[in-house]
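Before any comments, here is the structure.
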Amino acid sequence: MTNVPLVARKLAMLDEHLRRLRERRPADVASFASDTLLQDAVSMSVLVVVQEAMDIALHIASDEGWELATTYREAFIVLERHGVIDPTLTPLLIGAAAQLRNRIAHGYASLDVERLWTELPSGISTFSAYAGAIAAFLRQASATP
340 MTNVPLVARK LAMLDEHLRR LRERRPADVA SFASDTLLQD AVSMSVLVVV QEAMDIALHI
400 ASDEGWELAT TYREAFIVLE RHGVIDPTLT PLLIGAAAQL RNRIAHGYAS LDVERLWTEL
460 PSGISTFSAY AGAIAAFLRQ ASATP
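Pasting the structure below:
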């Protein structure tokens with residue numbers, strides 16, 4: 340059975356960083372491009388959101404005794420297979436999560452400031468939908484005796 344308090348704490352952290360991303364994204368790309376401290380803050384919040392989302396997926400799968408993902412990408416697929424997240428959300432999560440996390444965390448390429456600024460609203464929307472699905476799962480898990 341899912342450790343609801345643990346996953347709820349991780350979900351709260353994910354939600355907090357989504358809030359920060361909404362607040363920090365400037366109205367124009369030029370402002371973002373000229374502020375390296377803001378770029379760093381946004382990058383860190385993106386990294387936290389992605390990491391928490393992946394951790395949540397892995398915790399739920401493990402706690403429920405489902406198949407364990409061998410990659411972070413597969414973690415979202417496991418949740419889809421078990422009806423936790425909608426199938427339309429899975430490819431969005433995989434694309435946003437795995438690729439962006441690796442770029443930021445491992446420095447595979449320099450940060451594309453314009454791309455990050457442009458894609459941030461859809462990324463926030465994707466992870467907000469994920470957070471909603473996880474919250475619904477936690478409510479259901481809490482209600483199950």
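This note's numbering numbers the first residue of the sequence shown as 340 and each following residue consecutively.
Where is the CB? At the ideal position from N, CA and C, for every residue including glycine.
Sub-9 Å separation of residue i and residue j beta-carbons
{"i": "L350", "j": "I424", "result": "no"}
{"i": "G471", "j": "L439", "result": "no"}
{"i": "L428", "j": "E419", "result": "yes"}
{"i": "V452", "j": "A372", "result": "yes"}
Residue i versus the options, residue with shortest Cα-Cα distance
{"i": "I443", "options": "L386, E419, L407", "result": "L386"}
{"i": "Y469", "options": "L360, M383, I433", "result": "I433"}
{"i": "L431", "options": "A408, S401, V389, W456", "result": "V389"}
{"i": "L360", "options": "L345, R348, M383, T341", "result": "M383"}
{"i": "N342", "options": "T410, E403, E458", "result": "E403"}
{"i": "W405", "options": "V417, P426, L376, S370", "result": "V417"}
{"i": "I473", "options": "I399, S449, E413", "result": "I399"}
{"i": "R454", "options": "D367, A480, S467, L357", "result": "D367"}
{"i": "S449", "options": "G422, A414, Q378", "result": "Q378"}
Range covered by the alpha helix (DSSP H) that runs through residue i
{"i": "M393", "result": "375-403"}
{"i": "S449", "result": "Counting along the chain, S449 falls outside any alpha helix (DSSP H), and DSSP gives it neither H nor E."}
{"i": "A369", "result": "368-372"}
Where residue i sits in the DSSP three-state scheme
{"i": "E406", "result": "coil"}
{"i": "V423", "result": "coil"}
{"i": "M340", "result": "coil"}
{"i": "A474", "result": "helix"}
{"i": "R358", "result": "helix"}
{"i": "P430", "result": "helix"}
{"i": "R454", "result": "helix"}
{"i": "R412", "result": "helix"}
{"i": "P460", "result": "helix"}
{"i": "T483", "result": "coil"}
{"i": "R364", "result": "coil"}
Assumed close pair residue i, residue j - CB separation to whole angstroms, cut-off 8 Å
{"i": "L353", "j": "E391", "result": "4 Å"}
{"i": "A435", "j": "T465", "result": "5 Å"}
{"i": "R364", "j": "L459", "result": "5 Å"}
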